[in-house]
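**Student:** -17 is the number of the first residue of the sequence shown in my numbering; add one for each residue after it.
Ideal placement from N, C-alpha and C gives every residue a C-beta, glycine not left out.
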Amino acid sequence: MAETIITAIITALCTGGLTWLFTLRYTRKQAEADAMKSVQEVYQELIEDLKNDRQELKKRFDEVDNKYKEVLQKCNEMEKAIRRNARVMDTMKPFLCGVKNCPNRKSITFDTNN
């Protein structure tokens, strides 16, 4: 009878130990799978954030590029106006007189289309 009890106890311990061993392995595998899933979710969120940031930066770049082109066009127009005004002033220089009531002043007209 003692042998039966000892055999039952040893069998219970061995069976419980084997069950625990397999359960431990399964639990570890499950924990690894959950961790990998969590890492994958974080990675996907990171990719999505980077895509959104890239789209936002592209949009901002396009806005700045358009503004730059607009300012460049205005600058070119101003340079043309400055050159035109410089030609008008060069034309006026021979006719300028510092005396307010000078009787020798002549009336001139300027062609500003050149």
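(1) In this structure, how does DSSP classify L28 when only helix, strand and coil are distinguished?
(2) Tell me whether K82 sits in a helix, a strand or coil according to DSSP, three-state version.
(3) Short of 8 Å in beta carbon distance, which residues of its chain neighbour K33, apart from the five on each side in sequence? Order them along the chain.
(4) Give me the Cα-Cα distance between T5 and K11, rounded to the nearest whole angstrom.
(5) Give me the Cα-Cα distance between E27 and L39, rounded to the nearest whole angstrom.
**Tutor:** Inspection of the coordinates gives the following:
(1) For L28, the three-state secondary structure derived from DSSP is helix.
(2) Assigned with DSSP and collapsed to three states, K82 falls in coil, not helix or strand.
(3) Closer than 8 Å at Cβ, skipping near neighbours: no residue.
(4) Rounded to whole angstroms, T5 to K11 spans 10 Å at the Cα level.
(5) So the two alpha carbons sit approximately 18 Å from each other.
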